[in-house]
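Trainee:
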Amino acid sequence: MIFKRWFKPKWQHENAAIRQLAIADLDQSSNEHKEILHELAFNDGAEAVRKTALERLNEFSLWWQASKHESADRLKQFAEQQLIAMLLNNQVSAQLKQQFIAECHRSSILEKLAHAEADASIKFALIQRLARVDLYLSGVLDDGLTLSQRLELLQLINDDKLLEKLSRQLSGELLTAVQQKIAMRLEQKQKPERVRKQVVLLLAKLNSVRESSDIAQAQQKLALYQQQWAELADDLLCLTDAAEFSAKYQKVCVLTENAFAPRLAELAQIQQQQARAAEQQTRYQELAAQLIEVASQVATDLSAGDLAAVSAQEQVVASLGVAIETADLTAPQRQPLVQSHKALQQQLDQLPQLAEALALTARLLAEQAAVGLPAEDQDINAAYQQFKQWQQQWQRQVKVLKQLMPQSFSDSYQQLSKQWQLHCEPLLGQQEKMQRQFKSKLAEFKRLHQAGKYNVLFGLFKGIARDYQSLTAQSQQQLATEFEQISKQVDDLADLQAYIATPRKQELVALMQQLAEATDVTPADRAAQVKQSRALWNTLGRAEAALDEPLNDAFNLACEQAFAPCREYFAEQDALRLQNAAAKLAVIEQLEQQMAAGVTGKALDSLLQQSLKDWQQTGSVEKAQFEQLQPRFSQLVNQLKQQQKTEQQQNAQAKQQLIAMATQLSAGEGVDQVAAQLKVLQQQWKNIGFAGRTQDQQLWQQFRAVCDQWFANREAAKQQQQSAQALLKVQQQDQLSALSTLLADASSQGALHQVLTELNQLYVSEDKELLAKKRQLQQQTEQKIAEVQVASAHSVYRQLFDALAVSEPQPADLPPIYRLVFNQQQEKTLSRADLTLALEWAAGQASPPVESSRRQQVQMLLLTDKHNSGESINQEQLLARWLQFGPVMADEAALLQRVRALYLAD
Numbered sequence: 000m001i002f003k004r005w006f007k008p009k010w011q012h013e014n015a016a017i018r019q020l021a022i023a024d025l026d027q028s029s030n031e032h033k034e035i036l037h038e039l040a041f042n043d044g045a046e047a048v049r050k051t052a053l054e055r056l057n058e059f060s061l062w063w064q065a066s067k068h069e070s071a072d073r074l075k076q077f078a079e080q081q082l083i084a085m086l087l088n089n090q091v092s093a094q095l096k097q098q099f100i101a102e103c104h105r106s107s108i109l110e111k112l113a114h115a116e117a118d119a120s121i122k123f124a125l126i127q128r129l130a131r132v133d134l135y136l137s138g139v140l141d142d143g144l145t146l147s148q149r150l151e152l153l154q155l156i157n158d159d160k161l162l163e164k165l166s167r168q169l170s171g172e173l174l175t176a177v178q179q180k181i182a183m184r185l186e187q188k189q190k191p192e193r194v195r196k197q198v199v200l201l202l203a204k205l206n207s208v209r210e211s212s213d214i215a216q217a218q219q220k221l222a223l224y225q226q227q228w229a230e231l232a233d234d235l236l237c238l239t240d241a242a243e244f245s246a247k248y249q250k251v252c253v254l255t256e257n258a259f260a261p262r263l264a265e266l267a268q269i270q271q272q273q274a275r276a277a278e279q280q281t282r283y284q285e286l287a288a289q290l291i292e293v294a295s296q297v298a299t300d301l302s303a304g305d306l307a308a309v310s311a312q313e314q315v316v317a318s319l320g321v322a323i324e325t326a327d328l329t330a331p332q333r334q335p336l337v338q339s340h341k342a343l344q345q346q347l348d349q350l351p352q353l354a355e356a357l358a359l360t361a362r363l364l365a366e367q368a369a370v371g372l373p374a375e376d377q378d379i380n381a382a383y384q385q386f387k388q389w390q391q392q393w394q395r396q397v398k399v400l401k402q403l404m405p406q407s408f409s410d411s412y413q414q415l416s417k418q419w420q421l422h423c424e425p426l427l428g429q430q431e432k433m434q435r436q437f438k439s440k441l442a443e444f445k446r447l448h449q450a451g452k453y454n455v456l457f458g459l460f461k462g463i464a465r466d467y468q469s470l471t472a473q474s475q476q477q478l479a480t481e482f483e484q485i486s487k488q489v490d491d492l493a494d495l496q497a498y499i500a501t502p503r504k505q506e507l508v509a510l511m512q513q514l515a516e517a518t519d520v521t522p523a524d525r526a527a528q529v530k531q532s533r534a535l536w537n538t539l540g541r542a543e544a545a546l547d548e549p550l551n552d553a554f555n556l557a558c559e560q561a562f563a564p565c566r567e568y569f570a571e572q573d574a575l576r577l578q579n580a581a582a583k584l585a586v587i588e589q590l591e592q593q594m595a596a597g598v599t600g601k602a603l604d605s606l607l608q609q610s611l612k613d614w615q616q617t618g619s620v621e622k623a624q625f626e627q628l629q630p631r632f633s634q635l636v637n638q639l640k641q642q643q644k645t646e647q648q649q650n651a652q653a654k655q656q657l658i659a660m661a662t663q664l665s666a667g668e669g670v671d672q673v674a675a676q677l678k679v680l681q682q683q684w685k686n687i688g689f690a691g692r693t694q695d696q697q698l699w700q701q702f703r704a705v706c707d708q709w710f711a712n713r714e715a716a717k718q719q720q721q722s723a724q725a726l727l728k729v730q731q732q733d734q735l736s737a738l739s740t741l742l743a744d745a746s747s748q749g750a751l752h753q754v755l756t757e758l759n760q761l762y763v764s765e766d767k768e769l770l771a772k773k774r775q776l777q778q779q780t781e782q783k784i785a786e787v788q789v790a791s792a793h794s795v796y797r798q799l800f801d802a803l804a805v806s807e808p809q810p811a812d813l814p815p816i817y818r819l820v821f822n823q824q825q826e827k828t829l830s831r832a833d834l835t836l837a838l839e840w841a842a843g844q845a846s847p848p849v850e851s852s853r854r855q856q857v858q859m860l861l862l863t864d865k866h867n868s869g870e871s872i873n874q875e876q877l878l879a880r881w882l883q884f885g886p887v888m889a890d891e892a893a894l895l896q897r898v899r900a901l902y903l904a905d
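Mapping of the sequence shown onto numbering that gives the first Met the number 0: position 617 corresponds to residue 616, and the numbering continues sequentially without gaps.
Here is the structure:
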């Protein structure tokens, strides 16, 4: 007979291994099977079953739930690994990924995701969430993030060494931001010391204010220093002892104000005295102005001849005298006023004499105005002496009139004096200068004559004679003796020169005639001899009067004949120089065209080298043309050299960056990725131009050393890894062979579980042969465990039900697992008959038709209990509750048979 329990689904089997194997038959695309997989994944008692169900479902949300609520640490860790793998492989939508990031509190998971995430916004959120400096640093260097995100991360880095490192790796706006932050942090570090020095200095200044002797100045300084302290108030907060400094400041202010109190009272008294002195000075100036005004009016009236008006001023003068006597003035102020008033009064008492002096003054002005200014060819000295005499006469009248001199007369005098001085003094100065120059030339003539340098004396004498004629008659008369003396010396030298020069000039004429007839002289030598002979001819001076002109004509004719063959040669040279100039101009124009078209890199180097070579290969040109072409060419070459220098500097910087990147990559992980990136850098190096003689080879050696060292290390590590893998494969093969032997010998469930555990724990490399062998052994072990479990469970159930068939079974007759629950009499909810129905429902077996109504009621009770307790209905638990009723009564024999049929097929 086949028992009904064997028709239960395998996923409900009590044996975990059978349930685990049954999962492979469940289709996750079916809603019914998916609910079963959910139930197994989160409610099954066996860890292996839950793991297999989760793997079968393989949904991110389920792995996430398992990583949070799974009780088994190993499965929980495995769920986290699956989460990370799905996140890193972009198998999760962006929305779900963001939700996970917001709710995840495992920094290790978030960190792995931050390193591998490609989406800029998600990666930025992860770095902010983790709040770690190393991630800030990698984010700033990550080109995948936006500029604003990198700048925001940069502001979170406050380590000076890291900022300095970034300054060597960044460029553009990021480099500017790093430099600004470094400067700001340096300023923040230096600020306390700087503020402390300012505060200490300011307190010292405040203390020194009390020692100032000038209380007014001290009060101004105190206000200034207090204002400076107020400006330092915000900066003072950066000091740890700011309160102490504030207390010192308050104390100094109180001491200063107390010290200033008596001195301020004294200052007020001094200020009163100064105010009185100011009023006295004002009154003094008013009275002095009135005296001047009255004197001016008197002078005006006198100049007009209105003596009545002058007499009328006597009353005003008398009133001024009273005002001077009664005014609040000091003695030094009163005395000059009294003296001026007295002098004015005396002048008023002498009105006839004053009128006469005034008339004489007017006549002097009229006479001098009628005298015209002397011309340059007139005797300026005599005219200027007459002007000086007139000035002396004027000063005598000024002494008589004093302050009664009319202002108009004074203005006219000043105008005439200025006209004469401006006109005569430059002419007199020019005459004196000419006379000094003439005397200097006379002295020079005498010195050269004594030195025997006679040739230059003839030209110098011409200048002296010309200057002598431009002197005034008075100066000529003074210098006539010396001029006549040197004139006689020049005449004597002329006779001597003619005696010496005549035969030598005749020799030069003969020499040039011989050169004109010669045919074996090169044009260059011929031109040089002609030039040399002309220079010598010019130094000989004049010959005898009768022969001088014929000799000059003969010499010029001979020189012309001697130089005639050179003209064709020099014409050819001129034409060649013109061709060279055209060639140089063509070099310049070609250079300008190529520069306008834009040239860089190797083309720039080639252009510069070829242009210099072409320029040097062109011959010489005329000096004027060379002065025009050379600056133009030099400017173009300098521009090219500067551009070349700039490009080489940029290339050097680019190569230095590649060296830094290669150095950073060589310290990183991921061999394949690093190798690919290093090869990319090597290709980039080839594309970068020349960096200059001094740097290029040195930079290449540095870059090559970094790359070669990394590839050498990789090769060594690869060989070492291959050796280790070969050794490990042999060891793993031996271990699998040993476990295969153990599996063949194992017959008990414990031994089989031990073999399965060792297989699961055994690490096997990615070798396909080893992996296949391991999976085969695992399947064989699980199958054997399932067979042993089935056989064991069958024997346990047979022992149980055989013991229950006895009317009074003993606990020792029961299987150990059921001895504790047997006959406990604790079941209060359901009867044994109800529990029999429950077991049949849980096993999926039919109950007698007459009990169908009761079975539904029992089913509802069980479902309600499951809903309230949150625990699933377990067939083993129902059987335990059934056994709590103890021995089977005679009227319960049918119930025993029904339950036995669920577990055993006799």
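Where a beta carbon is used, it is the ideal one built from N, C-alpha and C, also for glycine.
Bear in mind the structure is a predicted one, so any value in this text is a computation, not a measurement.
(1) Going by other Cβ atoms of all chains shown within 10 Å of its Cβ, with 16 needed for buried, is S852 buried or exposed?
(2) Indicate whether the contact test is met: 3 or more Cβ pairs, each with one atom in the segment 178 to 185 and one in the segment 227 to 239, closer than 8 Å.
(3) Shorter than 7 Å, the distance from the beta carbon of P814 to the closest heavy atom of the ligand COA, or not?
(4) Can you give the Cα-Cα distance for Q76 and S791, rounded to whole angstroms?
(5) Between V316, D213, A553, which lies nearest to E265 when the distance is taken from Cα to Cα?
(6) Please list the terminal residues of the continuous alpha helix (DSSP H) segment that includes P847.
(7) Assuming E826 and P886 are in contact, meaning their beta carbons sit under 8 Å apart, how far apart are those beta carbons, in whole angstroms?
(8) Quick check on this structure: which residue in R818, Q218, W10 has the alpha carbon closest to the alpha carbon of I22?
(9) Within 8 Å of any Cβ in chain D, is that where the Cβ of V586 sits?
(10) Our contact map puts I587 next to L635 with C-beta atoms below 8 Å; I'd like the distance itself, whole angstroms only.
(11) If you drop the 5 nearest sequence neighbours on each side, which residues of the same chain put their C-beta closer than 7 Å to that of Q624?
(12) Quick one: grab the DSSP three-state call for S66.
(13) Would you call the CB atoms of V139 and L173 closer than 8 Å?
(14) Are W881 and V898 closer than 8 Å when you measure CB to CB?
(15) For Q854, which residues in the same chain have their Cβ closer than 7 Å to its Cβ, ignoring the five residues on either side in sequence?
(16) Here's a check: name, in chain order, each residue in its chain whose Cβ is nearer than 8 Å to the Cβ of V508, leaving out the five neighbours to either side.
(17) Output the distance between the C-alpha atoms of E516 and A561, rounded to the nearest integer angstrom.
(18) Please report how far the alpha carbon of I156 lies from the alpha carbon of G667, in whole angstroms.
(19) Is it buried or exposed for M85, if we count other Cβ within 10 angstroms and need 16 for buried?
(20) If the criterion is Cβ atoms closer than 8 Å, does the pair L221 and V208 meet it?
(21) Taking contact to mean 3 or more Cβ pairs, one atom from each stretch, closer than 8 Å, check whether the segment 702 to 719 and the segment 736 to 747 are in contact.
(22) Going by C-alpha distance, which of Q219, A215, L726, F244 is nearest P191?
(23) For the putative contact between L286 and A322, defined by C-beta atoms under 8 Å, what is the C-beta separation to the nearest angstrom?
(24) With distances taken Cα to Cα, identify the nearest neighbour of Q696 among A716, Q647, V729, V673.
(25) Using DSSP with H/G/I as helix, E/B as strand and the rest coil, what is G749?
(26) According to DSSP, is P8 part of a helix, a strand, or is it coil?
(27) What's the gap between the Cα of K865 and the Cα of N57?
(28) Just checking my contact of L129 with V194 at CB under 8 Å: how many whole Å lie between their CB atoms?
(29) Span of the alpha helix (DSSP H) holding T780?
(30) Is it buried or exposed, N650, if we count other Cβ atoms within 10 angstroms and call 16 or more buried?
(31) If we call anything under 8 Å between Cβ atoms a contact, is Q643 one with L603?
(32) Which residues mark the beginning and the end of the alpha helix (DSSP H) in which K918 is found?
(33) Going by DSSP in three states, A232 sits in which element: helix, strand or coil?
(34) So, helix, strand or coil for Q701, using DSSP?
(35) With a 10 Å radius around its C-beta and 16 neighbouring C-beta atoms as the bar for buried, classify L185 as buried or exposed.
(36) Within its chain, find whatever has a CB closer than 8 Å to the CB of T645; leave out the 5 residues flanking it on each side and keep chain order.
Mentor: The short version:
(1) Counting Cβ neighbours within 10 Å, S852 comes out exposed, since fewer than 16 surround it.
(2) Judged by Cβ distances under 8 Å, the segment 178 to 185 makes no contact with the segment 227 to 239, as fewer than three pairs qualify.
(3) The ligand COA is absent from the structure shown, which contains no ligand whatsoever.
(4) In a straight line, the C-alpha of Q76 is about 33 Å away from that of S791.
(5) Each of V316, D213, A553 was checked against the Cα of E265, and the nearest Cα belongs to D213.
(6) Looking at the DSSP string, P847 is not in any alpha helix (DSSP H), and its letter there is neither H nor E.
(7) The beta-carbon distance between E826 and P886, rounded to whole angstroms, is 15 Å. This is too long to meet the 8 Å contact definition.
(8) When each option's Cα is compared against that of I22, the closest is W10.
(9) Protein chain content of the structure displayed is limited to a single chain, and chain D is not contained in it.
(10) Taking a contact as a CB-CB distance under 8 Å, the pair I587 and L635 counts as one, their CB atoms being some 7 Å apart.
(11) Only A580 meet the Cβ criterion.
(12) When DSSP states are grouped into helix, strand and coil, S66 belongs to the helix group.
(13) In this structure, V139 sits near L173, with a CB-CB distance shorter than 8 Å.
(14) A contact, by the Cβ cut-off of 8 Å.
(15) Checking the sequence shown, residue 854 turns out to be Arg, not Gln. For R854, same chain residues with a beta-carbon under 7 Å away, outside a window of 5 residues either side, are L836, W840, S846 in chain order.
(16) Only L550, A553, F554, A557 meet the Cβ criterion.
(17) Each residue's Cα considered, the two are about 7 Å apart.
(18) Annotation: I156 to G667 spans about 22 Å, alpha carbon to alpha carbon.
(19) Buried: at least 16 other Cβ atoms inside 10 Å.
(20) Yes. Within cutoff.
(21) No, the segment 702 to 719 is not in contact with the segment 736 to 747.
(22) Measuring from the Cα of P191, the nearest candidate turns out to be F244.
(23) Between A322 and L286 the Cβ distance is about 6 Å, and since that is below 8 Å, they are a contact.
(24) Selected option, being the one with the closest Cα: Q647.
(25) G749 falls in the helix class under three-state DSSP.
(26) DSSP places P8 outside both helix and strand once states are collapsed to three, so it counts as coil.
(27) Whole-angstrom Cα-Cα distance: 27 Å.
(28) The beta-carbon distance between L129 and V194, rounded to whole angstroms, is 36 Å. This is too long to meet the 8 Å contact definition.
(29) DSSP places T780 in the uninterrupted alpha helix (DSSP H) bounded by 767 to 803.
(30) Buried: at least 16 other Cβ atoms inside 10 Å.
(31) The Cβ atoms of Q643 and L603 sit closer than 8 Å to each other.
(32) Outside the displayed range of the chain (0 to 905) lies residue 918, so it cannot be described from this structure.
(33) DSSP places A232 in coil when its eight states are reduced to three.
(34) Q701: helix per DSSP, three-state reduction.
(35) With fewer than 16 Cβ atoms within 10 Å of its Cβ, L185 is classed as exposed.
(36) Cβ neighbours of T645 beyond the five flanking positions: none.
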